[in-house]
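Chemist:
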Amino acid sequence: MNTKHENAAEHHAAKRHWLNSHEAGYHKAMGNRQVQMIAIGGAIGTGLFLGAGARLQMAGPALALVYLVCGIFSFFILRALGELVLHRPSSGSFVSYAREFLGEKAAYVAGWMYFVNWAMTGIVDITAVALYMHYWGAFGDVPQWVFALGALAIVGTMNMIGVKWFAEMEFWFALVKVLAIVAFLVVGTIFLGSGKPLDGNATGFHLITDNGGFFPHGLLPALVLVQGVVFAFASIELVGTAAGECKDPETMVPKAINSVIWRIGLFYVGSVVLLVLLLPWNAYQAGQSPFVTFFSKLGVPYIGSVMNIVVLTAALSSLNSGLYSTGRILRSMSMGGSAPKFMSKMSRHHVPYAGILATLGYM
Numbered sequence: 001m002n003t004k005h006e007n008a009a010e011h012h013a014a015k016r017h018w019l020n021s022h023e024a025g026y027h028k029a030m031g032n033r034q035v036q037m038i039a040i041g042g043a044i045g046t047g048l049f050l051g052a053g054a055r056l057q058m059a060g061p062a063l064a065l066v067y068l069v070c071g072i073f074s075f076f077i078l079r080a081l082g083e084l085v086l087h088r089p090s091s092g093s094f095v096s097y098a099r100e101f102l103g104e105k106a107a108y109v110a111g112w113m114y115f116v117n118w119a120m121t122g123i124v125d126i127t128a129v130a131l132y133m134h135y136w137g138a139f140g141d142v143p144q145w146v147f148a149l150g151a152l153a154i155v156g157t158m159n160m161i162g163v164k165w166f167a168e169m170e171f172w173f174a175l176v177k178v179l180a181i182v183a184f185l186v187v188g189t190i191f192l193g194s195g196k197p198l199d200g201n202a203t204g205f206h207l208i209t210d211n212g213g214f215f216p217h218g219l220l221p222a223l224v225l226v227q228g229v230v231f232a233f234a235s236i237e238l239v240g241t242a243a244g245e246c247k248d249p250e251t252m253v254p255k256a257i258n259s260v261i262w263r264i265g266l267f268y269v270g271s272v273v274l275l276v277l278l279l280p281w282n283a284y285q286a287g288q289s290p291f292v293t294f295f296s297k298l299g300v301p302y303i304g305s306v307m308n309i310v311v312l313t314a315a316l317s318s319l320n321s322g323l324y325s326t327g328r329i330l331r332s333m334s335m336g337g338s339a340p341k342f343m344s345k346m347s348r349h350h351v352p353y354a355g356i357l358a359t360l361g362y363m
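For the sequence shown, the residue numbers in full-length UniProt numbering are 1 to 363.
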């Protein structure tokens, strides 16, 4: 019996050592400031800045409930990932954990699905960047592929020269998004408290009851929206991947994960509730940021250009995150035999450049 336990312990120790060897070469350069903002930035994207207008048209005020429910489930998933991070921080994140507890087949499926997801999302992101640049007439004659290639070159370069540069870039991207949302929340709350009418309508809860109630189109549209809202929360898992390159993951990661729920509550649910209290939900249009709609009604000059910069930042942030995470995931898969061996190669800057180049090539 003792021999069996000893053999099991030796096997477990050997496997743990093998898994830890996959982390060799990474540079733990991310500080607390960067990790916290990466967690915030992962929860805020174009799904809020641009997509909320179309979703309000589809579900009305019920969108706030959809964001809340999906946010709670996303938080639970992130908490589970956090427990695994504390067990063993890994840049391979859930792929490495799937390998440890479920075997290489599970790691293979999870890893390649994740790669395809981010590779396709990256294509959407660079297309969005090109479209957003054409918002300004001065760039109207420039082909879209020029902006798409430029976005790939900038973000790809920042990922290649070191994790510190990626983290710093993501910090400032996240800061722009947070400042934009905070500005809306502050201005919107002050305006709501003032009792002044907006666009000929008195603000307040009557805008919900007078326009079809909380579910103006019924329950089905709200249920259909769940898929899109879950997609809007993509990138929150980036905290798990970043844990492998944090200076102190045992302290930083729990703090970042535990703050996600109130950030979703404030930025997503709070924003939608405030939007429907300031204007009728059907005043917001698909294809236009609801924040642009609100500030335009206030007569704020150049708000379209300002919000276009914010949405452009959100798209670049998503692309930046996708390249970072797929590079690490592909390396983890390569180390386990689920991806070509060359994808395990690291640069002298401690970057898994082969995986990043593979993702760039796919895009």
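Even for Gly, the Cβ is constructed at its ideal location relative to N, Cα and C. A quick note: this is a predicted structure, and the numbers were derived from the prediction, not measured.
Tell me which same chain residues have a C-beta within less than 6 Å of the C-beta of R99, skipping the five on either side of it?
Modeler: Taking the sequence shown and counting its residues from 1, one reaches residue 99 at position 99. Contacts found: A107, G336.
Chemist: Take P340 as the anchor and find which of K28, R331, G51 has the nearest alpha-carbon.
Modeler: Here the question's residue 340 lines up with position 340 in the sequence shown. Of K28, R331, G51, the residue nearest in Cα terms is R331.
Chemist: Can you tell me which of A80, M333, M343, T121 puts its alpha carbon nearest to the alpha carbon of A110?
Modeler: Counted from its first residue, the sequence shown places residue 110 at position 110. Out of A80, M333, M343, T121, M333 has the C-alpha closest to the C-alpha of A110.
Chemist: Tell me the DSSP bridge mates of C246?
Modeler: Here residue 246 refers to the residue found at position 246 of the sequence shown. M30, per the DSSP bridge assignment.
Chemist: Taking three-plus beta-carbon pairs below 8 Å as touching, is the segment 253-261 in contact with the segment 179-186?
Modeler: No, they do not touch.
Chemist: Going by beta-carbon coordinates alone, are T359 and A52 separated by less than 9 Å?
Modeler: By one-based count along the sequence shown, residue 359 stands at place 359. By one-based count along the sequence shown, residue 52 stands at place 52. No, these two residues do not count as a Cβ contact at 9 Å.
Chemist: Compare the C-alpha of A315 against each of G31, G47, V35, I38 and name the closest.
Modeler: Within the sequence shown, numbered from 1, the residue matching residue 315 stands at position 315. The residue with the shortest Cα to Cα distance from A315 is G47.
Chemist: Per the contact definition of three or more C-beta pairs closer than 8 Å, is the segment 55-72 in contact with the segment 215-227?
Modeler: Counting Cβ pairs under 8 Å, three or more are found: they touch.
Chemist: Alpha carbon to alpha carbon, what distance is there between T127 and H350?
Modeler: The residue given as residue 350 occupies position 350 in the sequence shown. The residue given as residue 127 occupies position 127 in the sequence shown. For H350 and T127, the distance between alpha carbons rounds to 30 Å.
Chemist: Just mark residue 381 as buried or exposed, buried being the case when its beta carbon has 16 or more other beta carbons within 10 Å.
Modeler: The requested residue 381 is not part of the displayed model; the chain covers only 1 to 363.
Chemist: Compute the beta-carbon to beta-carbon distance between S91 and I236, rounded to the nearest angstrom, for a pair I have assumed lies under 8 Å.
Modeler: Looking up residue 91 in the sequence shown gives position 91. Looking up residue 236 in the sequence shown gives position 236. Not a contact, Cβ separation roughly 17 Å.
Chemist: State yes or no: is the C-beta of P143 within less than 9 Å of the C-beta of G244?
Modeler: Counting from one through the sequence shown, the residue named residue 143 turns up at place 143. Counting from one through the sequence shown, the residue named residue 244 turns up at place 244. No, the Cβ-Cβ distance between P143 and G244 is not below 9 Å.
Chemist: Below 6 Å CB to CB, which residues in the same chain sit around K297 once its five sequence neighbours on both sides are set aside?
Modeler: Position 297 of the sequence shown holds residue 297. The residues are L198, D199.
Chemist: Pairing CB atoms from the segment 170-182 with CB atoms from the segment 305-312, are three or more of them under 8 Å?
Modeler: Yes: at least three Cβ pairs fall under 8 Å.
Chemist: Ordered along the chain, which non-local residues of its own chain (more than five positions away) have a Cβ less than 8 Å from that of M363?
Modeler: In the sequence shown, the residue the question calls residue 363 occupies position 363. A119, G122, I123, I126, L152, listed in sequence order.
Chemist: Taking contact to mean at least 3 C-beta pairs separated by less than 8 Å, is the segment 266-283 in contact with the segment 25-37?
Modeler: Counting Cβ pairs under 8 Å, fewer than three are found: no touch.
Chemist: Helix, strand or coil for N211? Go by DSSP, reduced to three states.
Modeler: Residue numbering aside, residue 211 sits at position 211 when the sequence shown is read from its first letter. In the structure shown, N211 sits in coil (DSSP, three-state: anything other than H, G, I, E or B).
Chemist: According to DSSP, simplified to helix, strand and coil, what is L50?
Modeler: Counted from its first residue, the sequence shown places residue 50 at position 50. Correct three-state label for L50: coil.
Chemist: If distances are taken between C-alpha atoms only, which option among W281, S305, S318 comes closest to T203?
Modeler: Along the sequence shown, one-based indexing puts residue 203 at 203. The shortest Cα separation from T203 among W281, S305, S318 belongs to W281.
Chemist: What's the C-alpha gap between F214 and G228?
Modeler: Residue 214 sits at position 214 when you count from the first residue of the sequence shown. Residue 228 sits at position 228 when you count from the first residue of the sequence shown. Going from the Cα of F214 to the Cα of G228 covers about 19 Å.
Chemist: Taking only beta-carbon positions, decide if L275 is within less than 9 Å of chain D.
Modeler: Of the protein chains in the structure, only one exists, and it is not chain D.
Chemist: Quick one: Cα of T129 to Cα of A138, how far?
Modeler: For the purposes of this step, residue 129 is taken as residue 129 along the sequence shown, with counting starting at 1. For the purposes of this step, residue 138 is taken as residue 138 along the sequence shown, with counting starting at 1. The sequence shown places Val at residue 129, rather than the Thr named in the question. About 15 Å.
Chemist: Enumerate in chain order the residues of its own chain whose CB-to-CB distance from T293 is below 8 Å, with the five nearest sequence positions on each side excluded.
Modeler: Walking along the sequence shown from the start, residue 293 turns up at place 293. Only G53, L279, A283, Y284, Q285 meet the Cβ criterion.
Chemist: Can you list the beta strand (DSSP E) stretches of 3 or more residues lying completely in the segment 324-358, in chain order?
Modeler: Here no run is fully enclosed.
Chemist: Have a look at S305 and S289 and give me their C-alpha separation to the nearest angstrom.
Modeler: As a first step, residue 305 is located in the sequence shown; it is residue number 305 there, counting from the start. As a first step, residue 289 is located in the sequence shown; it is residue number 289 there, counting from the start. Between S305 and S289, the C-alpha separation is close to 11 Å.
Chemist: Buried or exposed for I181, please, with buried defined as at least 16 other CB atoms from any protein chain shown within 10 angstroms of its CB.
Modeler: Within the sequence shown, the letter at position 181 stands for residue 181. Per the 10 Å Cβ criterion, buried.
Chemist: Looking only at its chain, what residues have a beta carbon closer than 8 Å to the beta carbon of K196, apart from the 5 residues adjacent to it on each side?
Modeler: Stepping through the sequence shown from its first residue, residue 196 is reached at position 196. T203, listed in sequence order.
Chemist: Assign S321 to buried or exposed, taking buried as 16 or more other Cβ atoms, counted over all protein chains shown, within 10 Å of its Cβ.
Modeler: On the sequence shown, position 321 is the one that residue 321 refers to. Classification for S321: buried.
Chemist: Roughly how many angstroms lie between the CA atoms of V95 and L323, to the nearest whole one?
Modeler: Start at 1 with the first residue of the sequence shown, and residue 95 comes out as number 95. Start at 1 with the first residue of the sequence shown, and residue 323 comes out as number 323. Going from the Cα of V95 to the Cα of L323 covers about 16 Å.
Chemist: Distance, Cα to Cα, H27 vs C70?
Modeler: For the purposes of this step, residue 27 is taken as residue 27 along the sequence shown, with counting starting at 1. For the purposes of this step, residue 70 is taken as residue 70 along the sequence shown, with counting starting at 1. Computed Cα separation, rounded: 34 Å.
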